[in-house]
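Chain order of the listed sequences is A, B and C. To convert, count from 1 in the first sequence and add 55; that's my numbering. To convert, count from 1 in the second sequence and add 110; that's my numbering. To convert, count from 1 in the third sequence and add 2; that's my numbering. Glycine is no exception: its CB is placed at the ideal position from the N, C-alpha and C atoms. Worksheet: one structure, shown below.
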Amino acid sequence: MLRVADLHVFYGKSHVLWGVDLEVAPGAVVALLGRNGVGKSTTLKAVIGLVPARQGRIELETASGWRDVTHRPPWERAALGIGYVPEDRRIFPHLTVRENLRVGLDRLTLTPKARRQALERAFELFPALADQLDRPGRVLSGGQQQMLAIARVLVLGPRIILLDEPSQGLAPLLVDSVMDAVVRLGREGIAILLVEQNALAALEVCGRAYLMDKGRVCHSGTAAALRADQPALERTLGVTAADIAGSP
Amino acid sequence: MTPGGARRARGARVARAALAPAGIVLLALAPWWVSPYLTLSLTAALALGLFALSYDLVLGVTGLISVSHATLFGVGAYGMAIGMTRLGISFWPSVLLGIAAAAALAWVIGFFSVRTSGPGFIIMTVIFAHAVESVANVWTSLTGGENGIVLGVSRVSLLPGVDVHFTAGSRSAYYAVAACLGLALWASRRLVASPFGLALRGIKGNELRASALGYRVGRYKILVNVIAGAFAAVGGILYALSQGFVSVDLLRVLLSIEVIVWTILGGPGTLLGPVLAAMLMSLGIEYLRAVTHQYVFAIGAITLLVVLFLPQGLGGLIERLLGRSVEARP
Amino acid sequence: MTADVLLLQLANGLSFGVIFALIASGITLMWGIMDFINMSHGELYMLGAYGVWLALVVGVGNFWLALPLAVVGVVVIGLGLRATVLRPIFDRPPLHTLLATYGVGLILQQGVLAIFGPFAKEIALPVTGLVVLGPFRYPAYRLVVIAVGLVLIAAAGLLIQRSTYGIWIRAVAQDRAMTAALGVPVSRVYTVVFGLGSALAAIGGALAAPLFGIGPTMGSEVILLAFIVVMIGGLGNYLGSVIGGVLIGEVIAVGAIWLQPTQAYLAALGVLLVLLLLRPAGLLRGAR
């Protein structure tokens, strides 16, 4: 579904990503883990095109085969099926919930029925949003904003969703419900690339995971294998055996 | 640094080292080997150089985009002119009046402009500049409109026995203005190196951070506008004296835009760069004025061309050329 | 000064205000959504006026036919400039757009001056006569200007609130990157904003032409007040520029009872300065 090869990204003169390689299979839930500042968010931003790739390739599998999107603008990549849910949610503060959803939805030429269905799908996953349709984005709580951020992307029928730290700043109960949503999305066949600092929560829901350190992928494997690989987890994430034992 | 880069840097240094003394000698002896007409032009160009220097403090050092700097240049000149011709004040107090008027206006403009959020600053200065230009155009009894006010100053006594003559081709005028420019350059360098200058440069680099560090950013912006306004007023006064009259052309928005172009061409923040660019450009424009009526059109075209093709200024162009010529060698 | 004179000027102020609002809303849209300071906006207004005059001169019989033609012409010119001269500076800092658009404005102004000469052109009022409103009689054309202007402003406002492009325009103003990431072609939105802003300015110029005459400098004459309106309404605030436009229109018109035109401009500036002292964020806060 998604292939990233030898990705190098610079912020000005600062070399931030040093040849990142990763793959997401269709319908798979893949986690990208690592400490603060190793480049996880930057990787997602590069995939959606909000930061330019200095070197490397980004390829997306579409209905008509693999497409090289390395230098395409963000809106083209979104149209090809990449959905992006950013770290700080970035809800449009002065647009209502309905208008937030319309931003992406209006781009698709849908029949009224198809449109309704798309919205239904989102409300099924996040019923709370249906009551908030006319409230401006800025008055929503953190949890509601997170739901809207995902719903906004979901109604577009994406092939793969890039989720950047969805649990950040949320109470544990909300974290659970967000992760549940991730699982359900995965079951619907949407591929997910999940960036998370909360490694343990992420390892519960993903099938594969990549560990990043200092702008590179330093370790990868199935979630089960990684959960068992204490040295790697400790080295790159500072997660100890006690943490793993104590996780729900 | 790559070997090519080191070569380029050395080439640039050699060029600059050779040009500088040659240029200074040529300029210093100018009145003795150029025509009186050109001496007058050079004198005016030096005054405009002082104007550009003052603007570099605002744009190049502090990063403030002000479109009202010619307003201060012109108000300074008019302050002196009105003082001498309408209020009957003698020369030196009139000069002080001009500088004070410009500084006060700079304070007002700065005060209101910083009250708006970031990008509004530019538009506020545009508004003030347009307003003053409109008033000056209409209030012809005060300003003399297009024809301006003729100054009756042909001779100014600096010290007993040292007189500066403001007549066409005057050498003393040339050296007086050059001396003022030199003094202003020295003062500006000191200013930039001082803690105040450091704060200004910090504001240019990252305004939010400067504010978070406790600097009252608004006050610094107003203050630099006032200081630069005073320098600009001096430039305006010297320019008017060299020409023998003031006119509303000195405070037009057009001139404010021109000085921005000169600053970009010369290299914002380098202080000397804008001075040289201003001198070159003003001589060029003067030549254009003599040749065609369409010089306003030309200024518009030049402005556009500079932005499109020379956003890094002439220094950037030279570096690109030097770089290429060095790279071409085996 | 009688109540009649005051009422007359209040009505005139509305006609000025509508024209200011048309110009200022274009500036504020381009600035708020595209971070684009258009110093040549006054020239778009001026070209709208010349466009109507030109259309009438070449034989288009009806003013109301000439107006949309002129607007289309100005939009074409504006978009053409954007695609050619202004394209390279698309992502440059505001200083560069400031200078580039100023240069363009100057070239347009001098071009018109060279082609059509410095003397003002005149257009006959497309609607003559007075309308009787109770005890008062008011020029019919001015009423038409007010009506047409208000309708267009409301239509544009509705477009921005409800339509797809309107939502996209507001989204881009709030978070350009995220809008792009949701699949919206941001460059197309910019084109629409630029076209809309140019059209509004041109309409303002066309409506103003029979009232104030047509000259190469009419753009730079009106730009001062337009910028004042933009600052009063708040940068990027469409509704603010409309309300600000009407406010300044009234200040100018009522001011004209006692003051010379330039002094009235200073009064408008004074209003801005007072507002800045009291409410630095602009007349309306946050409403986008």
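- Taken in chain order, the whole beta strand (DSSP E) runs of length 3 or more contained in the region 65–102 of chain C number zero.
- Taking the Cα of Leu323/B as reference, the smallest distance to any Cα among Phe201/B, Ala157/B and Leu310/B is reached at Leu310/B.
- Separation of Leu31/C and Gly238/C (C-alpha to C-alpha, rounded to the nearest whole angstrom) is 5 Å.
- The bridge partners DSSP lists for His70/A are Phe65/A.
- Within the DSSP secondary-structure output, Val85/A pairs in a beta bridge with Leu248/A and Arg263/A.
- Residue pairing by DSSP puts Gly276/A in a beta bridge opposite Ala264/A.
- In the three-state reduction of the DSSP assignment, Arg122/A falls in the strand class, which pools E and B.
- Leu420/B sits close to Leu375/B, with the two beta carbons spaced by under 8 Å.
- Membership of Leu10/C in the alpha helix (DSSP H) is indicated by the continuous run Ala5 to Met36.
- Non-local beta-carbon contacts of Val186/C in its own chain, meaning distances under 8 Å to residues more than five positions away in sequence, involve Trp170, Ala173 and Val174 in chain order.
- Of all alpha-carbon atoms in Ser232/A, Ile247/A and Leu135/A, the one lying nearest the alpha-carbon of Cys261/A is that of Ile247/A.
- Ile113/A carries a strand assignment under DSSP once its states are collapsed to helix, strand and coil.
- Taking C-beta separations shorter than 6 Å and ignoring five residues to either side along the sequence, the partners of Ser392/B in its chain run Ala155 and Leu158, following chain order.
- Its Cα nearest to that of Arg196/B, the residue Gly262/B stands out among Gly262/B, Gly312/B and Ile313/B.
- Between Ser178/B and Phe238/B, the gap from beta carbon to beta carbon is short of 8 Å.
- Taking a cut-off of 8 Å for Cβ pairs, the region 330–339 of chain B and the region 266–275 of chain B do not touch, as fewer than three such pairs fall below it.
- Legend: CB atoms of the region 112–139 of chain C lying less than 8 Å from CB atoms of chain A are not found in any residue.
- Looking from the CA of Val129/C, the closest CA among Lys123/C, Ala13/C, Tyr140/C and Gly136/C belongs to Tyr140/C.
- In the same chain as Gln200/A, and ignoring 5 residues on each side of it, the C-beta atoms closer than 6 Å to its own belong to Arg144 and Ile146, in chain order.
- For Leu365/B, same chain residues with a beta-carbon under 6 Å away, outside a window of 5 residues either side, are Ala180 in chain order.
- Just so you know, the alpha carbons of Val194/A and Val208/A end up roughly 20 Å apart.
- With 16 or more other CB atoms across the displayed protein chains lying within 10 angstroms of its CB, Tyr188/B is buried.
- Excluding the 5 residues flanking it on each side, Ser352/B has same chain C-beta neighbours closer than 7 Å at Leu150, Thr153, Ala154, Ala157, Phe276, Ala283 and Val287, in chain order.
- Identification of residues in the region 155–179 of chain C having a C-beta nearer than 8 Å to some C-beta of chain A yields Thr166, Ile169, Trp170, Arg172, Ala173, Gln176, Asp177 and Ala179, given in sequence order.
- Residues of the same chain with a CB within less than 8 Å of the CB of Gly197/C, apart from the 5 flanking positions on each side, are Val77, Gly80 and Leu81 in chain order.
- The C-alpha of Thr235/B lies about 37 Å from the C-alpha of Asn155/A.
- Short of 7 Å from the beta carbon of Arg362/B, and not among the five residues preceding or following it, lie these beta carbons of its own chain, in chain order: Ala180 and Glu243.
- Residues of the region 77–103 of chain C whose Cβ lies closer than 8 Å to any Cβ of chain B, in chain order: Val87, Pro90, Ile91, Arg94, Pro96, Leu97, His98, Leu100, Leu101 and Ala102.
- Taking a beta-carbon distance threshold of 8 Å, Gly53/C does not count as an interface residue toward chain A.
- Taking every protein chain shown into account, the CB of His70/A has fewer than 16 other CB atoms within 10 angstroms, so this residue is exposed.
- Neighbourhood of Trp121/A in chain C, by CB distance below 8 Å: empty, with the nearest CB roughly 20 Å away.
- Taking 8 Å as the upper bound for CB-CB distance, Phe355/B and Val260/B are in contact here, some 5 Å apart.
- With respect to the 8 Å criterion, Ile215/A and Leu57/A are classified as neighbours on the basis of their beta carbons.
- In this structure, the CA atom of Val224/C is about 7 Å from the CA atom of Gly44/C.
- Per the Cβ contact rule, the region 225–235 of chain C is in contact with the region 20–30 of chain C (3 or more Cβ pairs under 8 Å).
- DSSP, reduced to helix, strand and coil, places His275/B within a strand of the structure shown.
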